[in-house]
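Here's the structure, in structure tokens; my notes come after.
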Amino acid sequence: EVQLLESGGGLVQPGGSLRLSCAASGFTFSNSAMTWVRQAPGKGLEWVSGISGGGSGTFYADSVKGRFSISRDISKNTLHLQMNSLRAEDTAVYYCAKVYSRWSSDYWGQGTLVTVSS
Amino acid sequence: DIQMTQSPSSVSASVGDRVTITCRASQGISGWLAWYQQKPGQAPKLLIYGASSLHSGVPSRFTGSGSGTDFTLTISSLQPEDFATYYCQQGDSFPLTFGGGTKVEIK
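See below:
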């Protein structure tokens, strides 16, 4: 059974940093492309970042480029999202998701809430 | 960036109704379009990928069609569990982008 479990969310001040993690199981993590998608309170879905299978390619939304960094730890089957210089508009539930076909996502975690506020 | 425009933003319908949601891309995306269903407090669920391929376990009343810039999600006979918000997403090029969502409400 595929499982994705996010952690690391919380309250952070503007300008601060957080590192989200997504523990993956039930599939071959090392070969799978993965993404992060966020959803601000009461709003729609926004793609944040993706990493290709094998980790050779990383991709970012314009809104987070230069501030966020996606990575994976194959030894721990864990996906990370390092978020720096956080802004109020980064407040959202962050989901990690496994890529299925051409960057569609077939399995999603339950999400972790990031709140950026002073 | 490719903009994805969904319409309508909301629709009121009754159980048994046929519901159609459209998604238009600002440029051609071939068939690289996915549809998701999201219920309050839950993660999105993949319904359709590749514009028209039904994901495993998804009821056959969900149908996706289209190519190029214009795509459609049809629910042939709305069931109580289908009341939710639906999103399209293009996978043609980065940055990936979602439509704004369509909320299907009970009439």
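Chains W and V supply the protein sequences, listed in that same order. For the first sequence, the positions run 9 to 126 when the numbering used here is used. For the second sequence, the positions run 61 to 167 when the numbering used here is used. Each residue gets a CB set at the ideal place from its N, CA and C atoms; glycine is no exception. Since this is a predicted model, take the numbers as computed values, not measurements.
>> Counting only Cβ pairs nearer than 7 angstroms, list the residues of chain V close to Ser113 (chain W).
In response: Neighbourhood of Ser113 (chain W) in chain V, by CB distance below 7 angstroms: Leu106, in chain order.
> Among V:Gly91, V:Phe143, V:Ser72 and V:Val71, which residue has its Cα nearest to the Cα of Asp130 (chain V)?
Replying inline: The option with the nearest alpha carbon to Asp130 (chain V) is V:Gly91.
>> Contact criterion: CB-CB distance below 8 angstroms. Does Gly88 (chain V) meet it with respect to chain W?
In response: Answer no: the Cβ-Cβ gap between Gly88 (chain V) and chain W never drops below 8 angstroms.
>> Against chain V, does Arg110 (chain W) count as a neighbour if the rule is that its beta carbon must be under 8 angstroms from one of theirs?
In response: Chain V, which has a Cβ nearer than 8 angstroms to the Cβ of Arg110 (chain W), makes this yes.
> When DSSP labels each residue in this structure, what does Ile82 (chain W) get in the three-state scheme?
Replying inline: Helix at Ile82 (chain W).
> From what residue to what residue does the beta strand (DSSP E) around Ser165 (chain V) run?
Replying inline: Here residue 165 (chain V) turns out to be Glu, not Ser, going by the sequence shown. Start and end: Thr162 to Ile166.
> Name the DSSP beta bridge partners of Trp111 (chain W), please?
Replying inline: Checking the DSSP bridge columns, you'll see Trp111 (chain W) has no partner listed.
> From Val20 (chain W) to Ser126 (chain W), what distance separates their C-alpha atoms?
Replying inline: Roughly 8 angstroms between the two C-alpha positions.
> Can you list the residues of chain W that Leu156 (chain V) reaches, using a CB-CB cut of under 9 angstroms?
Replying inline: Per Cβ cutoff of 9 angstroms: Thr43, Val45, Trp55, Gly58, Phe67, Ala69 and Trp111.
>> Short of 6 angstroms in beta carbon distance, which residues of its chain neighbour Ser112 (chain V), apart from the five on each side in sequence? Order them along the chain.
In response: Cβ within range, chain order: Gly124 and Ser125.
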